[in-house]
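Protein chains in written order, with this note's numbering: chain A, 1 to 315; chain B, 316 to 630.
Built from N, CA and C at the ideal position, the CB exists for glycine as well.
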DNA sequence: GTTTTACATGTTAACGATAACATGTTTTTA
DNA sequence: TAAAAACATGTTATCGTTAACATGTAAAAC
């Protein structure tokens, strides 16, 4: 491997000068700087992350933790993971993946996803800089980045109302997590703003449960009803049940939430609230690096986007 | 951080002796070894990967490359990725994820997934130990690990025959990749072995395409037909089309391939050939590490498993 | 019983990069 | 114009670990 010494030899300067050209270029005269930069190119020098890490007492390793049971992992995490990896690589960090909450001593920071309420106690006891994916209750004081869930369901509800569906209901989840509450609130607020009567149901986050729910209540669902679903998974079940009995989007409109994978494989394709993963990844990483470098603790919400497809009428 | 020197001090020996206890324990007397091991526990020593990497001229970094377009990534890769990460972590390696084929100088090895035929030329030009996920044409001489695709579709076909479906057809894919061919062969061979007439169709790997195909040919599909699908995605479309017109599994049996995610969200749940990801991960990693340490080049096939669910009759 | 040999342990140097300090040169200041 | 300050560059020591060599002691060989 080409190292600092090789560059130094080529440029007829000391290793230290080369190091300075790289890390503190303004401490070096213009003349020498150009000389060294040429030498760097000439010999194809690439800094050695390992040596840098050793001397800086850093590791340049960020751990991404997926706490949710690996078998039931949502495709969400995969996308997020790939995005995060790319962002970190650009910044010279390495991403390490783990499914358990036992940070090795060699990690500089943690990005935690798939956590449940019961994990938060343990998480706040860990003394490593971290950021959560997903809104956590404020009293834990844990920095998080999340999509603006409330805005998401609000967009969904507004879209259904504007598309002319006379009644709009909400199918949420039976999980005690902040984002579940936020998504429901987004629906309720928007309905109130339009002076419409709201109606919510809860199911577990499985398509089959949602399917059954619709079969049970279809008698009470007049035509021209819009359905806001807390997740694409729920929407998938809803679409399946409705399509067997009626027509989408003519008689019923359905909007999902997440915009990963499932929305593509339903028939008709789902109108959904898409999580902006690229942006989420960027924000997660910069949030964490800000903690590392400036010890800032921040909570951040990212705006989602409505993707109109075939499960709702054209406006 | 606790380091070798701390342990050495605690045990009243030199750093080198401690290092030896860890790396070459049989070069140390029993007595001292126990002493040092106690000291290690007492002070809570954990070896510093970075320093080790620097002195060993290794990086303990393996790069996992997902070449397939990030947006269309299958949930397969996520599962495989998580499994690989876990295996590597156990062996003291860090996993780095990338979506482009430009291995940094600091990676010790590559695990490549999602590649197409057109990538193989470039891959074989790269001078870093690597292993592919997915069977590659032998003339490239690239080591790979894959599920035994031929055996998979053979299991599927046999299952349908034994479940009493009189006619068994195959829906494959219009992609020129070895695994596509292998899956088709598994079906064809098994049909031949049972002296049955085989019939194959090709679609793109999208549920909507498969759905349309079934709608077009349903007239020629007598009741009591079994359908072997090249992927769960195709099976999803097949199930959707059939369910609209008839009954599963009474009149039609469907078997998918992959066993990730999609098989859970269809209705009825899919009978499928499940890829053993834990085992694939283990094999990929040990294949690669064998290259690193013993320069062995191997091609390995892992046996898949038939998971019986609700899209085929009970036998 | 002396010489070999084997074995257990310690010492030194090295991996590549950088902070802290040291040196030498130029510019500023009075 | 001599002293002080600013600037550019070089030297040394360090991060934590390990290979290679050095040393010392006990067992084996003759």
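Going by DSSP, what residue range makes up the beta strand (DSSP E) through residue i?
i: residue 207 of chain A; result: Residue 207 of chain A -> not in any beta strand (DSSP E); alpha helix (DSSP H) instead, spanning 207-217.
i: residue 468 of chain B; result: Where residue 468 of chain B is concerned, there is no enclosing beta strand (DSSP E), although the alpha helix (DSSP H) it sits in stretches over 464-477.
i: residue 429 of chain B; result: It is not in any beta strand (DSSP E) - residue 429 of chain B carries neither H nor E in the DSSP assignment.
i: residue 506 of chain B; result: Where residue 506 of chain B is concerned, there is no enclosing beta strand (DSSP E), although the alpha helix (DSSP H) it sits in stretches over 493-508.
i: residue 66 of chain A; result: 61-66
i: residue 412 of chain B; result: 409-413
What is the DSSP secondary structure of residue i, reduced to helix, strand or coil?
i: residue 576 of chain B; result: coil
i: residue 373 of chain A; result: With chain A covering 1 to 315 only, the question about residue 373 of chain A has no answer from this structure.
i: residue 15 of chain A; result: helix
i: residue 434 of chain B; result: helix
i: residue 126 of chain A; result: coil
i: residue 360 of chain B; result: coil
i: residue 589 of chain B; result: strand
i: residue 541 of chain B; result: strand
i: residue 300 of chain A; result: strand
i: residue 582 of chain B; result: coil
i: residue 449 of chain B; result: coil
i: residue 140 of chain A; result: helix
i: residue 284 of chain A; result: helix
i: residue 202 of chain A; result: strand
i: residue 346 of chain B; result: helix
i: residue 536 of chain B; result: coil
i: residue 624 of chain B; result: coil
i: residue 255 of chain A; result: strand
i: residue 171 of chain A; result: strand
i: residue 69 of chain A; result: coil
i: residue 511 of chain B; result: coil
Expressed to the nearest angstrom, what Euclidean distance is found between the alpha-carbon atoms of residue i and residue j?
i: residue 486 of chain B; j: residue 64 of chain A; result: 38 Å
i: residue 276 of chain A; j: residue 621 of chain B; result: 37 Å
i: residue 615 of chain B; j: residue 407 of chain B; result: 24 Å
i: residue 372 of chain B; j: residue 409 of chain B; result: 15 Å
i: residue 90 of chain A; j: residue 398 of chain B; result: 24 Å
i: residue 125 of chain A; j: residue 136 of chain A; result: 15 Å
i: residue 77 of chain A; j: residue 343 of chain B; result: 47 Å
i: residue 463 of chain B; j: residue 497 of chain B; result: 8 Å
i: residue 503 of chain B; j: residue 230 of chain A; result: 44 Å
i: residue 308 of chain A; j: residue 166 of chain A; result: 19 Å
i: residue 270 of chain A; j: residue 195 of chain A; result: 27 Å
i: residue 394 of chain B; j: residue 520 of chain B; result: 20 Å
i: residue 549 of chain B; j: residue 218 of chain A; result: 30 Å
i: residue 16 of chain A; j: residue 23 of chain A; result: 10 Å
Who are the Cβ neighbours of residue i in its own chain at under 6 Å, not counting the five residues just before and after it?
i: residue 316 of chain A; result: Outside the displayed range of chain A (1 to 315) lies residue 316 of chain A, so it cannot be described from this structure.
i: residue 132 of chain A; result: 112, 142, 144
i: residue 556 of chain B; result: 526, 529, 530
i: residue 36 of chain A; result: 11, 18, 21
Excluding sequence positions up to five away, which residues of its chain have a Cβ less than 7 Å from the Cβ of residue i?
i: residue 42 of chain A; result: 10
i: residue 278 of chain A; result: 83
i: residue 628 of chain B; result: 478, 479, 564, 568
i: residue 418 of chain B; result: 378, 425, 441, 443
i: residue 348 of chain B; result: 336, 340
i: residue 374 of chain B; result: 368, 421, 422, 423
i: residue 576 of chain B; result: 390
i: residue 294 of chain A; result: none
i: residue 40 of chain A; result: 7
I'd like the list of long-range same chain contacts for residue i, defined as Cβ closer than 8 Å, with 5 residues on each side in sequence excluded.
i: residue 492 of chain B; result: 431, 432, 449
i: residue 523 of chain B; result: 552
i: residue 88 of chain A; result: 62, 94, 95, 285
i: residue 14 of chain A; result: 8
i: residue 435 of chain B; result: 451, 452, 455, 457
Between residue i and residue j, is the Cβ-Cβ spacing less than 7 Å?
i: residue 699 of chain B; j: residue 468 of chain B; result: What is shown of chain B runs 316 to 630, which leaves residue 699 of chain B out entirely.
i: residue 254 of chain A; j: residue 239 of chain A; result: yes
i: residue 573 of chain B; j: residue 547 of chain B; result: yes
i: residue 361 of chain B; j: residue 105 of chain A; result: yes
i: residue 168 of chain A; j: residue 158 of chain A; result: no
i: residue 566 of chain B; j: residue 589 of chain B; result: no
i: residue 298 of chain A; j: residue 287 of chain A; result: yes
i: residue 54 of chain A; j: residue 369 of chain B; result: yes
i: residue 422 of chain B; j: residue 359 of chain B; result: no
Let's see if you can read the secondary structure: which residues bound the alpha helix (DSSP H) around residue i?
i: residue 166 of chain A; result: Looking at the DSSP string, residue 166 of chain A is not in any alpha helix (DSSP H), and its letter there is neither H nor E.
i: residue 88 of chain A; result: 75-90
i: residue 551 of chain B; result: 547-560
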